[in-house]
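K.L.:
If you read the protein sequences in the order shown, they are chains A and B. So the first sequence is numbered by the working numbering: it starts at 33 and just counts up by one. So the second sequence is numbered by the working numbering: it starts at 6 and just counts up by one. In this text, a Cβ means the ideal position worked out from N, Cα and C, and glycines have one as well.
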Amino acid sequence: MAPFAGYLMPIQYSSITAEHLAVREGAGVFDVSHMGEFWVRGEKALDFLQYATLNDASKLKVGRAQYSMLPNEQGGVVDDIYVYRTGDQEYLVVVNASNIEKDWNHLQSLLGGFEADLEDASEHTGLLAVQGPKAAEVLQKLCDVDLSSKKKNDTFTATVAGKPARLARTGYTGEDGFEVFTEAGDVKAVWDALLEAGVVPCGLGARDTLRLEAGFPLYGHELTDETNPRCTPFGWVVKEHKEFYGKAALLAGGCDQVLVGLLLEQGIPREGYLVLFGGEAVGRVTSGTISPLLKKGIALAYVRSGAESGRLEVEIRGKTYPAQVVSPPFVGLK
Amino acid sequence: MNYPTDVRYTKSHEWVRLEDGLAVVGITDYAQDALGDVVFVELPVPGKKYGAGEAVAAVESVKTASDIYAPIAGEVVQVNPGLEEAPELLNQSPYAEGWIFKLRPDNPADLEALMDAAAYQAFAESQ
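1. Would you mind stating whether glutamine 289 of chain A and tyrosine 334 of chain A have Cβ atoms separated by less than 8 Å?
2. For the alpha helix (DSSP H) that lysine 13 of chain A lies in, which residues bound it at each end?
3. Which same chain residues end up closer than 6 Å to threonine 264 of chain A when comparing Cβ atoms and leaving out the 5 residues on each side of it in sequence?
4. Among the candidates B/Ala63, B/Ser98 and B/Val82, whose CA atom is the shortest distance from the CA of isoleucine 108 of chain B?
5. Which residues share a DSSP beta bridge with alanine 197 of chain A?
6. Please report how far the alpha carbon of leucine 242 of chain A lies from the alpha carbon of aspartate 115 of chain B, in whole angstroms.
7. Should threonine 256 of chain A go down as buried or exposed, given a rule of 16 or more other Cβ atoms within 10 Å for buried?
8. In the structure shown, what three-state DSSP assignment does aspartate 249 of chain A receive?
9. For valine 205 of chain A, decide whether its Cβ has a neighbour in chain B, counting only Cβ atoms nearer than 8 Å.
10. Quick check on the burial criterion: 16 or more other C-beta atoms within 10 angstroms. Buried or exposed for aspartate 218 of chain A?
11. Rounded to whole angstroms, what is the Cα-Cα separation between glycine 364 of chain A and leucine 294 of chain A?
12. Name the DSSP beta bridge partners of alanine 70 of chain B, please?
13. Under 8 Å, do isoleucine 406 of chain A and phenylalanine 45 of chain B count as touching if we go by C-beta distance?
14. Determine the DSSP secondary structure at leucine 48 of chain B, reduced to helix, strand or coil.
15. With a cut-off of 8 Å on the beta carbons, I'd call alanine 59 of chain A and valine 170 of chain A a contact; round off their distance for me.
16. Quick one: is lysine 2 of chain B near chain A, going by C-beta distance under 8 Å?
17. Starting from glutamine 126 of chain B and walking both ways along the beta strand (DSSP E), at which residues does that stretch end?
18. Along chain A, in chain order, which residues have C-beta atoms closer than 8 Å to that of alanine 47 of chain B?
19. Going by the beta-carbon positions, is the gap between tyrosine 39 of chain A and alanine 129 of chain A smaller than 8 Å?
20. Give the single residue among B/Ala28, B/Val43, B/Val61 and B/Gly56 whose Cα lies nearest to the Cα of valine 50 of chain B.
21. What is the residue span of the alpha helix (DSSP H) that glutamine 98 of chain A lies within?
22. Which residues in chain A sit within 7 Å of aspartate 42 of chain B, going by Cβ to Cβ distance?
23. Which residues in the same chain as leucine 75 of chain A place their Cβ atom closer than 7 Å to its Cβ, once the five residues preceding and following it in sequence are excluded?
24. Here's the rule: buried if 16 or more other CB atoms are within 10 angstroms of the residue's CB, otherwise exposed. What is tryptophan 223 of chain A?
25. On the three-state DSSP scale, how would you describe valine 126 of chain A?
26. Is there at least one Cβ from chain A nearer than 8 Å to alanine 63 of chain B's Cβ?
27. Rounded C-beta distance between tyrosine 45 of chain A and proline 233 of chain A? I'm assuming under 8 Å.
28. List, in chain order, every chain A residue whose beta-carbon is nearer than 7 Å to that of valine 82 of chain B.
29. Per DSSP, which residues does glutamate 312 of chain A bridge with? Please list them.
30. Could you list which residues in chain B have their beta carbon closer than 7 Å to that of aspartate 42 of chain A, in chain order?
31. Decide if histidine 273 of chain A is buried, meaning its Cβ has at least 16 other Cβ atoms within 10 Å, or exposed.
32. Determine the extent of the alpha helix (DSSP H) in which glutamate 228 of chain A is found, giving its start and end residues.
33. Helix, strand or coil for leucine 354 of chain A, going by three-state DSSP, please let me know.
34. Output the distance between the C-alpha atoms of serine 47 of chain A and glycine 230 of chain A, rounded to the nearest integer angstrom.
35. If you reduce the DSSP assignment to three classes, tell me which class glutamine 4 of chain A lands in.
36. Among residues of its own chain, excluding the 5 on either side of leucine 48 of chain B, which ones have a beta-carbon nearer than 8 Å to its beta-carbon?
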């Protein structure tokens with residue numbers, strides 16, 4: 033068990049590789065109850081979210097969800113989030129565990145002037161992510177709603193293993209799958225039922241290798257209070273046609289550095305390693321590992337703008353290894 | 006967790022065993038368990054001399070990269086050729102088939118300063 037955002041979290045149950053492959057080939061489950069859940073309710077809930085987030089929340093019909101980010105005043109990122117529209121005037125916002133307090137204070141500070149209420153449900157909300165090509169099939173056995181009718185980013189309520197739950201066809205692995213929100217006290221019963229049904233328990237280690245293969249950012253690594261999202265492959269969340277907090281700064285900010293994907297035939301890149309161009313340091317790896325599927329080194333790295341079109345290398349224990357710039361995902365997304 | 010009594014141990018989780026005057030070095034069961042799936046071992050070039058505590062090799066798991074240090078001073082005379090094809094030997098057989106390199110010790114008596122199995126077990130369990 034490793035400390036993570038104030039929780040004791042298993043890095044692995046069996047082995048990172050085995051858990052990783054279970055999610056790519058079958059079905060795995062992650063207990064991500066440590067993540068934060070905020071409810072936004074009220075007549076102006078949408079107006080508030082439009083102002084506080086980068087993606088266009090007005091596109092969300094009831095029962096739909098979207099990836100988004102909270103911008104700060106300087107054009108950086110307070111957090112990356114998921115927004116679920118659960119009712120006419122009701123939204124669920126899921127935030128990173130390490131940012132719960134920061135996000136809460138930030139959102140509270142923006143709330144004035146909007147007729148909307150914020151509720152922090154993090155403490156009493158459990159969250160299990162059931163992921164993999166067989167996730168729907170296995171979860172269906174425990175669930176009273178027809179899952180085959182649900183599309184990516186749909187959200188709905190259901191009973192799972194006898195417990196009331198909110199489901200969403202979302203995840204952080206690049207595979208099909210569902211995230212299951214329950215009362216914290218019900219998590220264990222749902223977890224046990226999933227394991228009983230043959231779903232493989234997965235820890236933080238596989239969660240990280242899976243999200244990296246899928247090319248997803250991890251807050252604190254690829255995204256920070258100082259990073260402009262337009263300088264990343266996730267710049268699509270910035271919807272310039274609407275007003276949002278810090279818009280002027282975000283749009284004015286240039287990209288001295290850009291976030292790129294790196295693929296190494298040899299060598300395993302790790303966070304903090306130098307990226308070189310012509311022998312000169314031009315950036316650093318923000319996340320890196322060996323892809324259990326490709327059996328090659330993969331990384332996300334910030335490099336000096338312009339360098340991404342050159343022949344880059346990563347320095348590993350004093351030696352340099354060629355790194356090919358690729359557009360994430362590193363493996364095919366489903 | 007396995008703590009054989011025929012080897013000596015370091016605080017950086019290497020084991021070392023004297024065989025025919027050479028010091029055979031690997032990582033402990035505790036270390037391989039903490040690293041998880043080993044996917045690559047960077048081996049030293051035979052002929053190079055290392056002081057005690059100097060980084061000689063590196064082990065990469067899916068999770069992390071970790072340096073392997075010389076438990077005692079000496080010259081690397083041999084590396085385990087099987088690890089290139091099968092780095093997972095470090096997980097499967099840490100004290101036998103998963104040995105990493107052999108040193109010709111400057112002073113074989115240096116081994117006596119290292120921990121025995123009981124001391125290492127107590128140390129590992131306190132980590």
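P.N.:
According to the data block:
1. By one-based count along the first sequence, residue 289 of chain A stands at place 257. By one-based count along the first sequence, residue 334 of chain A stands at place 302. In contact: glutamine 289 of chain A and tyrosine 334 of chain A (Cβ atoms closer than 8 Å).
2. Chain A is shown from 33 up to 366; residue 13 of chain A falls before or after that span and cannot be answered.
3. Within the first sequence, numbered from 1, the residue matching residue 264 of chain A stands at position 232. Hits under 6 Å: Leu291.
4. Taking the first residue of the second sequence as position 1, residue 108 of chain B is located at position 103. In the sequence as presented, isoleucine is not what sits at residue 108 of chain B; that position holds leucine. Taking only the C-alpha atoms, the option nearest leucine 108 of chain B is B/Val82.
5. Within the first sequence, numbered from 1, the residue matching residue 197 of chain A stands at position 165. Alanine 197 of chain A pairs with A/Ala190 and A/Thr214.
6. Counting from 1 along the first sequence, the entry for residue 242 of chain A is found at position 210. Counting from 1 along the second sequence, the entry for residue 115 of chain B is found at position 110. Going from the Cα of leucine 242 of chain A to the Cα of aspartate 115 of chain B covers about 45 Å.
7. Residue mapping note: residue 256 of chain A aligns to position 224 of the first sequence, counting from 1. Classification for threonine 256 of chain A: exposed.
8. The count along the first sequence starts at 1 and reaches residue 249 of chain A at position 217. Correcting the residue type first, residue 249 of chain A is proline in the shown sequence and not aspartate. Reduced to three states, the DSSP call for proline 249 of chain A is coil.
9. Position 173 of the first sequence holds residue 205 of chain A. Note that residue 205 of chain A is threonine in the sequence shown here, rather than valine. Cβ-Cβ to chain B under 8 Å: no for threonine 205 of chain A.
10. Looking up residue 218 of chain A in the first sequence gives position 186. Result: buried.
11. Here residue 364 of chain A refers to the residue found at position 332 of the first sequence. Here residue 294 of chain A refers to the residue found at position 262 of the first sequence. Each residue's Cα considered, the two are about 16 Å apart.
12. Position 65 of the second sequence, counted from the first residue, corresponds to residue 70 of chain B. Beta-bridge pairing links alanine 70 of chain B to B/Glu65.
13. Chain A is shown only over 33 to 366; residue 406 of chain A falls outside these bounds and no answer can be derived.
14. Numbered from its first residue, the second sequence carries residue 48 of chain B at position 43. For leucine 48 of chain B, the three-state secondary structure derived from DSSP is coil.
15. In the first sequence, the residue the question calls residue 59 of chain A occupies position 27. In the first sequence, the residue the question calls residue 170 of chain A occupies position 138. Correct: roughly 5 Å between the Cβ atoms.
16. Residue 2 of chain B is absent from the structure shown; chain B starts at 6 and stops at 132.
17. For the purposes of this step, residue 126 of chain B is taken as the residue at position 121 of the second sequence. Not the beta strand (DSSP E): glutamine 126 of chain B falls in the alpha helix (DSSP H), residues 122-130.
18. As a working note, residue 47 of chain B is residue 42 in the second sequence. Looking at the sequence itself, residue 47 of chain B is glutamate, so the reference to alanine does not match. Those within 8 Å of glutamate 47 of chain B in chain A are Arg349.
19. Sequence index remark: in the first sequence, residue 39 of chain A carries index 7 (1-based). Sequence index remark: in the first sequence, residue 129 of chain A carries index 97 (1-based). Yes. Within cutoff.
20. Taking the second sequence and counting its residues from 1, the one referred to as residue 50 of chain B is at position 45. Minimum Cα distance to valine 50 of chain B is reached at B/Val61.
21. The residue labelled residue 98 of chain A in the question sits at position 66 within the first sequence. Taken as a continuous stretch (DSSP letters only), glutamine 98 of chain A belongs to no alpha helix (DSSP H), being part of the beta strand (DSSP E) at 97-103.
22. Within the second sequence, numbered from 1, the residue matching residue 42 of chain B stands at position 37. Those within 7 Å of aspartate 42 of chain B in chain A are Ser47, Ile48 and Thr49.
23. Looking up residue 75 of chain A in the first sequence gives position 43. For the record, residue 75 of chain A in the displayed sequence is glutamate; it is not leucine. Once the five neighbours on either side are set aside, the close Cβ partners of glutamate 75 of chain A are Gln121 and Glu147.
24. In the first sequence, the residue the question calls residue 223 of chain A occupies position 191. By the 10 Å Cβ count, tryptophan 223 of chain A comes out buried.
25. Looking up residue 126 of chain A in the first sequence gives position 94. Here valine 126 of chain A sits in strand by DSSP.
26. Along the second sequence, read from residue 1 onward, the residue named residue 63 of chain B stands at position 58. For alanine 63 of chain B, the answer is yes, since a Cβ of chain A falls inside 8 Å of its Cβ.
27. The sequence position of residue 45 of chain A within the first sequence is 13, counting from 1. The sequence position of residue 233 of chain A within the first sequence is 201, counting from 1. That belief holds up - the Cβ atoms of tyrosine 45 of chain A and proline 233 of chain A are roughly 4 Å apart, short of 8 Å.
28. Numbered from 1 along the second sequence, position 77 holds the residue referred to as residue 82 of chain B. Here the premise fails: no neighbours, minimum Cβ distance about 22 Å.
29. Within the first sequence, numbered from 1, the residue matching residue 312 of chain A stands at position 280. Glutamate 312 of chain A pairs with A/Phe309.
30. Counting from one through the first sequence, the residue named residue 42 of chain A turns up at place 10. Note on identity: in this sequence residue 42 of chain A is proline, with aspartate being the wrong assignment. Ordered by position in chain B, no residue passes the 7 Å Cβ test against proline 42 of chain A, which lies about 12 Å from the chain.
31. Residue mapping note: residue 273 of chain A aligns to position 241 of the first sequence, counting from 1. Under this definition histidine 273 of chain A is an exposed residue.
32. Taking the first residue of the first sequence as 1, we reach residue 228 of chain A at position 196. That run of the alpha helix (DSSP H) goes 219-228.
33. Indexing the first sequence from 1 puts residue 354 of chain A at position 322. Correcting the residue identity first, residue 354 of chain A is proline in this sequence and not leucine. Proline 354 of chain A: strand per DSSP, three-state reduction.
34. Position 15 of the first sequence, counted from the first residue, corresponds to residue 47 of chain A. Position 198 of the first sequence, counted from the first residue, corresponds to residue 230 of chain A. C-alpha separation (whole angstroms): 17 Å.
35. Nothing about residue 4 of chain A can be reported from this structure: the residues present for chain A run from 33 to 366 only.
36. Along the second sequence, one-based indexing puts residue 48 of chain B at 43. These residues qualify, in order along the chain: Ala62, Val84, Asn85, Leu88, Glu89, Ile105 and Phe106.
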